[in-house]
Amino acid sequence: KLQAEFPNDDFVYGVLTDSHVELGNYKEAVEAAQKMVDLKPNMSSYARVAHLRSLHGDHNGTVEMFKLAARTADPTDKEAQSWCLVQLGDELWKNGKYAEAEKVFDEALQNFPNFHLALAGKGRVRASQNDFETALKLLNEANNRVPNVETAILLGDIYTKQSNGEKAKQQY
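Anchor point for the sequence shown: position 6 equals 8 in the working numbering, and the numbering is continuous, going up by one each time.
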């Protein structure tokens, strides 16, 4: 019904893409994302394509699209640019490319200082490399800015690994 009422509205196709992804209707999600790109090739459409590529296991395509999303973000919207960089960093981290991921998280932080998502991402990288002291500093800073369940769990896991049951319990 939305498509019939608003056939040329990229926002509608963004909503349809997101909805289809959440429902597991990936073929329809891809079609809606493509229509969105066709109507308005921008950060929002490229980020959705990147997410779909990630869901389909296309690491290189995901990286390419998140880079494109970051480049096409409104240059005055530093948070949006940094959000794209964080998504890129997360994709790199998930694929074991820790040095590349950390570099991207640093770029996001340089672009938008103290961005909680970039702090948490960099903290995950440091934890993955067993640099728990730096990880704790970054993750606590991120969680103090914007509390997040995933960050709290990772903090708890690090405290558990350090045999600090009381602090782990507080996080869990």
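Beta carbons: idealized from backbone N, C-alpha and C, even for Gly.
By alpha-carbon positions, which one of the options ends up nearest to residue i?
| i | options | result |
| --- | --- | --- |
| residue 143 | 59, 169, 116 | 116 |
| residue 174 | 152, 70, 120 | 152 |
| residue 97 | 126, 164, 135 | 126 |
| residue 62 | 84, 45, 93, 166 | 93 |
| residue 161 | 150, 146, 141, 149 | 141 |
| residue 124 | 75, 100, 59 | 100 |
| residue 109 | 130, 82, 131 | 82 |
| residue 205 | 32, 36, 77 | Residue 205 is absent from the structure shown; the chain starts at 3 and stops at 174. |
Please return the same chain residues whose Cβ sits closer than 8 Å to the Cβ of residue i, not counting the five positions on each side in sequence.
| i | result |
| --- | --- |
| residue 67 | 48, 49, 51, 52, 55 |
| residue 164 | 134 |
Within its chain, find whatever has a CB closer than 6 Å to the CB of residue i; leave out the 5 residues flanking it on each side and keep chain order.
| i | result |
| --- | --- |
| residue 106 | 87, 90, 91 |
| residue 18 | 34 |
So residue i packs on residue j, CB below 8 Å; how close in whole Å?
| i | j | result |
| --- | --- | --- |
| residue 111 | residue 122 | Residue 111 to residue 122, Cβ: 11 Å. No contact. |
| residue 44 | residue 64 | Not quite, the Cβ-Cβ distance comes to about 18 Å (not below 8 Å), so this is no contact. |
Would you kindly check if the distance between the Cβ of residue j and the Cβ of residue i is under 9 Å?
| i | j | result |
| --- | --- | --- |
| residue 12 | residue 38 | yes |
| residue 146 | residue 154 | no |
Grab me the residues of residue i's own chain with a C-beta within less than 7 Å of its C-beta, minus the 5 sequence neighbours each way, in chain order.
| i | result |
| --- | --- |
| residue 148 | 118 |
| residue 70 | 48 |
| residue 169 | 161 |
| said: Suppose only complete runs of 4+ residues qualify. What are the alpha helix (DSSP H) ranges in the segment 64 to 115, listed by chain order? | reply: 80 to 96, 100 to 113
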